[in-house]
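Engineer: Add 24 to a position in the sequence shown, counting from 1, and you land on the number used in the numbering used here. Glycine included, every Cβ here is placed at the ideal spot set by N, Cα and C.
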Amino acid sequence: MSSDSERVDSQKAPEPVGLYPHARRVGNLLFLSGVGPRERGTKKIPGVELDAEGHIVSYDIEAQCHSVFRNVRYILEDAGSSWDKLVDVTVYLTDMKKDFPTYNRLWAEYFKDDPPCRTTLEINRLPTPIAIELKCIATIGGE
25 MSSDSERVDS QKAPEPVGLY PHARRVGNLL FLSGVGPRER GTKKIPGVEL
75 DAEGHIVSYD IEAQCHSVFR NVRYILEDAG SSWDKLVDVT VYLTDMKKDF
125 PTYNRLWAEY FKDDPPCRTT LEINRLPTPI AIELKCIATI GGE
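(1) Cα separation between residue 81 and residue 88?
(2) Specify, as a first and last residue, the run of the beta strand (DSSP E) that residue 142 falls within.
(3) Examine chain D for any beta-carbon lying closer than 8 Å to the beta-carbon of residue 87, and answer yes or no.
(4) Kindly list the residues whose CB is nearer than 7 Å to the CB of residue 57, restricted to its own chain and excluding five residues on each side of it in sequence; keep chain order.
(5) Please classify residue 151: is it buried, with 16 or more other beta-carbons within 10 angstroms of its beta-carbon, or exposed?
(6) Mind pulling the beta strand (DSSP E) runs of 3 or more residues that sit fully within the stretch 92-129?
(7) Counting Cβ pairs, one atom from each stretch, are 3 or more of them under 8 Å apart for the stretch 118-128 and the stretch 59-76?
(8) Could you check the C-alpha separation between residue 99 and residue 83 for me, to the nearest Å?
(9) Would a C-beta distance cut-off of 8 Å place residue 161 and residue 49 closer than the cut-off?
(10) What first and last residue would you give for the beta strand (DSSP E) that runs through residue 31?
(11) What residues are listed by DSSP as bridge partners for residue 156?
(12) Which one of 36, 55, 37, 38 has the shortest CA to CA distance from residue 30?
(13) Under the three-state reduction of DSSP, which class applies to residue 134: helix, strand or coil?
(14) Report the partner residues of residue 162 according to the DSSP bridge assignment.
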């Protein structure tokens, strides 16, 4: 990677499931890798019940939303940014029909004042047994 790009790894957010950093800083922009609701240091996913083969039996999208937002906040803060500096968020849901109303309600609670741009997509599956993942861009530094 070129010298104008700085790797950022959070000690609070869950470990990446592949070879990638939590984020990269380029100038005053921070680009986050996809962030899910897993908890650091464990394979536990808040609100998810798995069977013996690791397939999803049931999940609570509200618990996953709270957890993924918390993980994004950890990365932002560890990188020297903050929640209010998010400028663009791409949200991946595995069940738009079932989960969008809850996710959209929680989004409005977390982003009351000045929400970032947002795109929400339904995808077939994510790399781990989660129902939501966020891809974010934020600013760092001055206003």
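Structural biologist: Result, derived from the coordinates:
(1) 15 Å
(2) Annotation: the continuous beta strand (DSSP E) that includes residue 142 extends over 141-146.
(3) The displayed structure is made up of one protein chain only, and chain D is not part of it.
(4) 40, 44, 45, 46, 47
(5) exposed
(6) For the stretch 92-129, whole beta strand (DSSP E) runs of length 3 or above, ordered along the chain, are 110-117.
(7) no
(8) 24 Å
(9) no
(10) Element bounds for residue 31: 29-32.
(11) Residue 156 pairs with 117.
(12) 55
(13) helix
(14) For residue 162, DSSP records a beta bridge to 54, 110.
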